[in-house]
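Just so you know, numbering that gives the first Met the number 0 puts 27 at position 28 of the sequence shown, and the rest follows in order with no gaps.
Glycine included, each C-beta is placed from N, C-alpha and C at the ideal position.
These figures come from a predicted structure and were not determined experimentally.
Below is one structure, written out as structure tokens, with a few remarks after it.
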Amino acid sequence: MEGLMKGKRGLVMGVANDHSIAWGIAKKAFEHGAEMAFTYQGEAFGRRVKPLAEQAGVKLVLPCDVEDESSVDAVFDTLKSEWGKLDFIVHAIGFSDKNELKGLYADTTRANFSRTMLISCFSFTEIARRAAAMMEDDGAMLTLTYAGSMRVMPNYNVMGVAKAALEASVRYLASDFGPRGIRVNALSAGPVRTLAGAGVADARHMFAFQQRNSPLRRSVDIDQVGNSALYLLSDLSSGVTGEVHYVDSGYHIVSMPSLEELKK
Ligand code: NAD
0 MEGLMKGKRG
10 LVMGVANDHS
20 IAWGIAKKAF
30 EHGAEMAFTY
40 QGEAFGRRVK
50 PLAEQAGVKL
60 VLPCDVEDES
70 SVDAVFDTLK
80 SEWGKLDFIV
90 HAIGFSDKNE
100 LKGLYADTTR
110 ANFSRTMLIS
120 CFSFTEIARR
130 AAAMMEDDGA
140 MLTLTYAGSM
150 RVMPNYNVMG
160 VAKAALEASV
170 RYLASDFGPR
180 GIRVNALSAG
190 PVRTLAGAGV
200 ADARHMFAFQ
210 QRNSPLRRSV
220 DIDQVGNSAL
230 YLLSDLSSGV
240 TGEVHYVDSG
250 YHIVSMPSLE
260 ELKK
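Structure below.
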């Protein structure tokens, strides 16, 4: 199947480097004919993102730090003047102080709780509202989440709480924008080795455990996440909204370690 994204224009937020989940998604969207704009957070990331943007034929590469509302406004001002209409957005942004991605959730500070929620959860709502104003029928919005929202994952702590709120936001936004034909979904990816993923203490142990104990006995990569994103961003999923779709080799259905693991 080819050209699933032909004629569609979208904003992709969260490419930091070629390991980023957003990059896995952008590559697939580009292969299928999408025209995209990228954002990057600060000039250090910008230097890495610009060559990737070039590979994906992206001409609009814009700075955006979601902690600064005016930088979010500036992105949408540019999109409005350059494109007018928007067909899809990818929000692949998350952050928490890594000093709190270890130890007890109960020790989360007020300041980091607020900052984590603003960057990892509220930013999606803020961006979705602006994007919806530029969408007509058939708009698609996608964010990235993790199963630490539903079940306790060691050290994921406040990020799990933020992801639970993000998933709830997906349902409310899907209800808000559904009457206009705009769909809002989340992909729940299994652990992937990225900058953000490495911020969680002992991440490599979690990675190995999920690899050994998921039904498919393997981890996922950004190309697999990209393929599933293609489905949720394209008209293939025109009947799907408010959904959290797992791309985790099936790990979320498992209740205990595999028998071969237990018998070791
Ligand atoms: P990544 O480090 O490549 O991407 C995270 C992105 O968030 C970066 O581009 C960073 O610049 C951006 N970001 C952080 N704070 C920001 C701010 N204030 N303003 C604008 N951008 C900001 O890591 P990733 O793993 O590709 O993360 C993308 C998304 O996928 C995140 O929401 C993450 O929680 C989610 N996710 C990751 C995994 C995993 O195992 N890596 C699993 C499931 C979900």
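- In this structure, R8 sits near W82, with a CB-CB distance shorter than 8 angstroms.
- Taking each of S254, G56, I88, A185 in turn and checking the Cα distance to A164, the smallest one comes out for A185.
- A Cβ-Cβ separation of about 5 angstroms places D64 in contact with S70 under the 8 angstroms criterion.
- The secondary-structure analysis by DSSP pairs M12 across a beta bridge with T38, H90.
- The way I'd put it, the segment 166-183 does touch the segment 111-125; three or more beta-carbon pairs between them come closer than 8 angstroms.
- Under DSSP, N184 shares a beta bridge with L141.
- In this structure, N16 has its CB closer than 7 angstroms to one or more heavy atoms of ligand 1.
- Rounded to the nearest whole angstrom, the C-alpha separation of A161 and A91 is 14 angstroms.
- DSSP, reduced to helix, strand and coil, places V60 within a strand of the structure shown.
- Under the three-pair Cβ rule at 8 angstroms, the segment 190-207 does not count as touching the segment 227-243.
- Scanning L258, E260, L235, V224 for the CA closest to the CA of D247 turns up V224.
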